[in-house]
Every structure is written in structure tokens, then in C-alpha cells.
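S.K.:
Here is the structure:
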């Protein structure tokens, strides 16, 4: 883990999440939502400008990026109509620079204030979220940062408008995967789940061949370095959400001497393998659903009876009922156990809005009237997508897992004990990575980034997609980290958490103010 950012692709990580109206993003991924609050900052001194970035006017456009007005700019929101677009051509394989290449779209929103610091490169998460779409639709929510920075984002290789883009399945195939049970209910279902995983992997291999081995994070790190050079910046100043934190941390470890100020919000732990990622997400999502239930039971229209444990049991029974017998609407669309669980997971991303939406359809669903939930599960509220091949192409390649599906039953049983609602589904959701045709030569490992500039790591205490333990772990690994934890619910903090987080981020990026090594921001008024 956006355009209108319904959410971070989980990982974002987990199952990727897609923006509302978009082609699929977080799942873990991981997506930022609307920035609801910004904090004004004071004027910058020349010394701070020099410390934070390259300073001065925008560099001349002689770096290989040919900027032009973006197509369709007249349709953009006020303040985004001056967006500029360019293309960055990067070699598919850097050991063969004269071989085939990816063409990556880049978008820039020039700084609006008089005291420009430099370029701030943003990655919204995923993997698999279009940075261009995100910035074009969400750039107005970053106006405080845009006052001093050119805001820049790009579509990573294989994603969105990248040529080529790793889009392996048609709509019918994606729908079939979404319409499956959340977990197999019998041996035939188990065989079908494994066959489906192989179909995804083989479809990507057959369609993209040698391209598939070159969309991992290590390659994107080098593209990010090429973008920094093309922008004319001495050091990379960076804002990454969800999976974007993994990309940023890997960049800092690879190019510490070229790493300026970084903000990593909703952090991943680079030392985890794929099974570890999915297991931790399952536990975090079950806990987040428990917080939804507790909140719901304070409302007069909550249909969940008893205490929190009772409410969670009711949610689990609802999903298992639809696993055994999916509901088919009048138009032929289905509400499967898989879709129902994905909707529950999606509701944990951006409360209270997403909590309210789920609560509004639960009463009918628990009474056997499934049409309202079906409508919600076939719209932008469904942010978790188990069939997102742009996401799988990166994480299945990057993160170590076994090359056998024999352990799936065992993992499902073990994870059910840890997370009864989400654990079994997350275990079976690892199946495509167990049969993926490409593997990174690098193993997951902690990162230190000795010599990098200051890095601000942000965790949210009740984040379902990037569990807070990951942010704490990353902050402990990085040599120059500062850690902020928001005691809130949902995925990501900046723009949602209130003045404590927002002010810390903006003073860090705009004024060069380093916070204490560890800071806690309260949930309410934070």
C-alpha cells in the first residue's frame, strides 16, 4: 500500500489497497488518505534552507526530464492544474544499460512559496500504487509542504502508467479470485486455491517473461537514485507511506551519502520475510476489528451483541457463513466470504469513516439480508485486493518464502490461533508467493543506513496494515532515526493524526527541526 485514496495498499503491505475509483492499491501494503489538517510554519532562515535541501530557485530543466503540462490538467482540482509531467527512461537490467527499458511517468507540482527548498519525492505505498495519480488527486492536501517544496512523484517500474505495467489478469479473473471463500472449506477448495495461485504466477510469467525479474524494490531504488540526479538534487528528500517506507529505507541503506531528510509513515520492517509480514498483519487486523467492535457497541445502532469477544464471534460467523454459501444478487454479482472479509479488513483503514460504513450494513447482513453489504463490497469501500499482480510482482519477488505450498494448511491452523478472523485467510493468501517464478538474490535483513541524513519514522499504535511493531523495529535499526508514535486507529498518521504529528513532520521537513529520539502523540487532539 492513491488517487482519492480510499486508503495504503497494505504494505502497505498485506493485500494491496486501491484508491477509490482506481484500478486496484495496500492490499499491505499500504495508502494515505486525505490530509485533513495542515499547520502553518514560520519563515525559513537561509541556514535552515541550506541544511534541508538544495535551496534557491528551481534548477534548470536540462537534466533529461522534459517537463510539459499534463494532459487533462484543466479537469484537475484548483491548485493542481499547473501540474507538470515528464518521463524517466530506466534500463530494465542495469547490467545491460543498452538493453530494453522501462518508461516511467513523473509528475511535479512546483513550490508555491517564495523560499523554495528543493524537491520532495513522494511514494504513496502499495507496492502497486500510482504515484502520479496519487499526487494529481491528493496534492492539494499537501499544500503546507508544497509552499517550500516542489512535490514530485512517479509510477515505479511495472506500476500504473509504467511501460510496461505488470497487469497479468483480466477483470473476469480478478472477480473470480475475489469471489472465492476467505479460506478453503474442503479439499476441493484447497486444490482450487493452489491452482488459482499458480494461474496468477504463470499468467505473469507468460505475459511478461524477463521483465518480471526486474520490478523488485532493489531496481526501484536505483530508479529513485536516477530520478534524484535528473531533478538536480544533491540529496534525496523523501516522504514515503506504507510500502513507500520500505522503498525509502532500502534507498537510505543503498545510498546513505545521498539521503537527505526522510519521513517514513506507516513503516515496514525490512527484516521480515513474507510469511512474517502476513502473520503480523493478521494479528493487527484482528485487534483492529476488536477496536471497531468496541466502538460499535457504544453506538445505539450497533447490531453486535454482547461484549467485544461476542461481537468478534459474530463477525467470524458471518464470514464463514458466506464461505459456505455465497450470496448472489439480482444482477449476478456475488458476496463471497472472501469479499466479506476484505470489506471487514478495509473498514480498519480509515476510521471513523470506514467504521461507520461497515456498521451501516452489518445489521442487515447479520439478519441474512446481504444486498447492502454486497453493494458496499463491490464499490470503492473494498480496498483490499488479493488479485493485485502489481503488488504481488514486487513482494513475492522481494520477500523470502518457501517454494512449496505444502505448509499452507499448517500456517492457517497456527495463524488461526493467533488471529481467528484474519489468520487463516492471510495464510492462504501467501500461496501466490510460494509459487512465484522470480526470486530476489537479497534476503530480508535489518537496515542501518550509516551516514544518511535524519530519518523520521512514524507508527500508528493500532495500524492494521503496517503494525506498529514494524515502525518500532525500523526506528531501532536505522542509525539516524527519530521515532513518533500516534496512539490512534487506522493506517498512517500524517494528515489524520492532528497537530502533534503534523507539526512534527512539517517542522522536520520545512524548518530542519529534529524531534526527540522518541515521541508519543495522543489519539485525541494529537
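In the numbering used here, the protein residues as written are 408 to 933.
Every residue, glycine too, gets a C-beta built ideally from N, C-alpha and C.
Pair every Cβ in the stretch 598–610 with every Cβ in the stretch 533–548, then say whether three or more of these pairs are closer than 8 Å.
M.R.: no
S.K.: Roughly how many angstroms lie between the CA atoms of residue 902 and residue 694, to the nearest whole one?
M.R.: The sequence position of residue 902 within the chain shown is 495, counting from 1. The sequence position of residue 694 within the chain shown is 287, counting from 1. The straight-line gap from Cα to Cα measures roughly 23 Å.
S.K.: Taking residue 900 as the reference, which of 610, 646 and 790 has the closest Cα?
M.R.: Here residue 900 refers to the residue found at position 493 of the chain shown. Nearest of 610, 646 and 790 to residue 900, Cα basis: 646.
S.K.: Mapping DSSP to helix, strand and coil, what is residue 936?
M.R.: Nothing about residue 936 can be read from this structure; the chain reaches only from 408 to 933.
S.K.: Please confirm if the stretch 837–855 is in contact with the stretch 562–578, defined as three or more CB-CB distances below 8 Å between the two stretches.
M.R.: No, the stretch 837–855 is not in contact with the stretch 562–578.
S.K.: Measuring straight from C-alpha to C-alpha, what distance separates residue 812 and residue 842?
M.R.: Position 405 of the chain shown, counted from the first residue, corresponds to residue 812. Position 435 of the chain shown, counted from the first residue, corresponds to residue 842. So the alpha carbons of these two residues sit roughly 8 Å apart.
S.K.: If you follow the alpha helix (DSSP H) that residue 726 is in, where does it begin and where does it stop?
M.R.: Translated into the one-based positions of the chain shown, residue 726 becomes position 319. Under the DSSP assignment, residue 726 falls in the alpha helix (DSSP H) whose first and last residues are 715–731.
S.K.: Considering only their Cβ atoms, is the gap separating residue 472 from residue 493 smaller than 8 Å?
M.R.: For the purposes of this step, residue 493 is identified with residue 86 of the chain shown, where counting begins at 1. For the purposes of this step, residue 472 is identified with residue 65 of the chain shown, where counting begins at 1. Cβ atoms of residue 493 and residue 472: closer than 8 Å.
S.K.: Compare the Cα-Cα distances from residue 758 to each of 699, 769 and 587 and report the closest residue.
M.R.: Against the chain shown, residue 758 aligns to sequence position 351. Comparing Cα positions, the closest option is 699.
S.K.: Which residues bound the alpha helix (DSSP H) around residue 803?
M.R.: On the chain shown, position 396 is the one that residue 803 refers to. It spans 796–805 - the alpha helix (DSSP H) in which residue 803 sits, taken as one unbroken run.
S.K.: Could you give the distance in angstroms between the alpha-carbon of residue 721 and the alpha-carbon of residue 911?
M.R.: Within the chain shown, residue 721 is the residue found at index 314, counting from 1. Within the chain shown, residue 911 is the residue found at index 504, counting from 1. Rounded to whole angstroms, residue 721 to residue 911 spans 40 Å at the Cα level.
S.K.: At the level of alpha carbons, what is the spacing between residue 845 and residue 620?
M.R.: Within the chain shown, residue 845 is the residue found at index 438, counting from 1. Within the chain shown, residue 620 is the residue found at index 213, counting from 1. Taking the straight line from one Cα to the other gives about 6 Å.
S.K.: Can you list, in chain order, the residues of its chain with a C-beta nearer than 7 Å to that of residue 626? Leave out the 5 residues immediately preceding and following it.
M.R.: Here residue 626 refers to the residue found at position 219 when the chain shown is read from its first residue. Same-chain partners within the cutoff: 564.
S.K.: Which value, in whole angstroms, describes the spacing of the CA atoms of residue 784 and residue 503?
M.R.: Here residue 784 refers to the residue found at position 377 when the chain shown is read from its first residue. Here residue 503 refers to the residue found at position 96 when the chain shown is read from its first residue. So the alpha carbons of these two residues sit roughly 45 Å apart.
S.K.: CB-CB under 7 Å to residue 858, same chain, minus the five flanking residues each way: which ones, in chain order?
M.R.: Position 451 of the chain shown, counting from 1, holds the residue named residue 858. Within the same chain, residue 858 has close Cβ partners 663 and 664.
S.K.: If you run the structure through DSSP and keep just helix, strand and coil, what is residue 560?
M.R.: Taking the first residue of the chain shown as 1, we reach residue 560 at position 153. Strand, per DSSP.
S.K.: Tell me the rounded alpha-carbon separation between residue 652 and residue 807.
M.R.: Your numbering for residue 652 matches position 245 in the chain shown. Your numbering for residue 807 matches position 400 in the chain shown. Near 18 Å, if we compare the C-alpha coordinates of residue 807 and residue 652.
S.K.: Spatial neighbours of residue 510 within its chain, please: C-beta separation below 6 Å, excluding the five flanking residues on both sides.
M.R.: As a first step, residue 510 is located in the chain shown; it is residue number 103 there, counting from the start. Correct list, in chain order: 494, 496 and 570.
S.K.: Measuring CA to CA, which of 929, 930 and 917 is closest to residue 558?
M.R.: As a position in the chain shown, residue 558 is number 151, starting the count at 1. Nearest of 929, 930 and 917 to residue 558, Cα basis: 917.
S.K.: Along the chain, where does the beta strand (DSSP E) that runs through residue 641 open and close?
M.R.: Position 234 of the chain shown, counted from the start, is the residue given in the question as residue 641. Note, residue 641: premise wrong, no beta strand (DSSP E); not H, not E.
S.K.: So residue 766 and residue 706 are supposed to be a Cβ contact under 8 Å. How far apart are they, rounded?
M.R.: Position 359 of the chain shown, counting from 1, holds the residue named residue 766. Position 299 of the chain shown, counting from 1, holds the residue named residue 706. About 7 Å; that satisfies the 8 Å criterion.
S.K.: Smallest Cα separation from residue 581: which of 821, 889 and 794?
M.R.: Within the chain shown, numbered from 1, the residue matching residue 581 stands at position 174. It is 794.
S.K.: Going by DSSP, what residue range makes up the beta strand (DSSP E) through residue 863?
M.R.: By 1-based counting over the chain shown, the position of residue 863 is 456. Looking at the DSSP string, the run of the beta strand (DSSP E) that includes residue 863 is 862–869.
S.K.: Tell me which residues share the same chain as residue 885 and place their Cβ nearer than 6 Å to its Cβ, disregarding the 5 neighbours each side in the sequence.
M.R.: The residue given as residue 885 occupies position 478 in the chain shown. Apart from the 5 residues on each side of it in sequence, residue 885 sits with its Cβ closer than 6 Å to the Cβ of 856 and 862 in its chain, given in chain order.
S.K.: Can you tell me whether residue 653 is helix, strand or coil according to DSSP?
M.R.: Counting from 1 along the chain shown, the entry for residue 653 is found at position 246. Three-state result, residue 653: helix.
S.K.: For residue 850, I'd like the list of residues in its chain whose CB is within less than 7 Å of its CB, leaving aside the five on either flank, ordered along the chain.
M.R.: Within the chain shown, numbered from 1, the residue matching residue 850 stands at position 443. For residue 850, where only same-chain residues beyond five positions count, the Cβ hits under 7 Å are 807.
S.K.: Roughly how many angstroms lie between the CA atoms of residue 682 and residue 834, to the nearest whole one?
M.R.: Walking along the chain shown from the start, residue 682 turns up at place 275. Walking along the chain shown from the start, residue 834 turns up at place 427. In a straight line, the C-alpha of residue 682 is about 8 Å away from that of residue 834.
S.K.: Contact defined as beta carbons within less than 8 Å: I believe residue 877 pairs with residue 689. What is the distance between those atoms, to the nearest angstrom?
M.R.: Residue mapping note: residue 877 aligns to position 470 of the chain shown, counting from 1. Residue mapping note: residue 689 aligns to position 282 of the chain shown, counting from 1. Not quite, the Cβ-Cβ distance comes to about 14 Å (not below 8 Å), so this is no contact.
S.K.: Among the residues of its own chain, which have a CB less than 6 Å from the CB of residue 713, if the five just before and after it don't count?
M.R.: Sequence index remark: in the chain shown, residue 713 carries index 306 (1-based). Answer for residue 713: no residue qualifies.
S.K.: Enumerate, from N- to C-terminal direction, the unbroken beta strand (DSSP E) stretches of 3 or more residues contained entirely within the stretch 480–540.
M.R.: 491–498, 508–516 and 525–530
S.K.: For residue 741 versus residue 602, is the C-beta spacing smaller than 8 Å?
M.R.: As a first step, residue 741 is located in the chain shown; it is residue number 334 there, counting from the start. As a first step, residue 602 is located in the chain shown; it is residue number 195 there, counting from the start. Taking 8 Å as the Cβ cut-off, residue 741 and residue 602 do not qualify as a contacting pair.
S.K.: Should residue 521 be labelled buried (16 or more other beta-carbon atoms within 10 Å of its own) or exposed?
M.R.: Position 114 of the chain shown, counted from the first residue, corresponds to residue 521. It is exposed - the Cβ of residue 521 has fewer than 16 other Cβ atoms within 10 Å.
S.K.: Could you tell me which of 792, 672 and 905 sits nearest to residue 578, measuring between CA atoms?
M.R.: As a position in the chain shown, residue 578 is number 171, starting the count at 1. Nearest of 792, 672 and 905 to residue 578, Cα basis: 792.
S.K.: Out of 659, 515, 677 and 609, which one is the CA nearest neighbour of residue 546?
M.R.: The residue labelled residue 546 in the question sits at position 139 within the chain shown. Closest by alpha carbon: 515.
S.K.: State the start and end residues of the unbroken alpha helix (DSSP H) segment that holds residue 610.
M.R.: In the chain shown, the residue the question calls residue 610 occupies position 203. Where residue 610 is concerned, the enclosing alpha helix (DSSP H) stretches over 594–615.
S.K.: Report the partner residues of residue 572 according to the DSSP bridge assignment.
M.R.: Position 165 of the chain shown, counted from the start, is the residue given in the question as residue 572. For residue 572, the pairing in a beta bridge is given by DSSP as 565.
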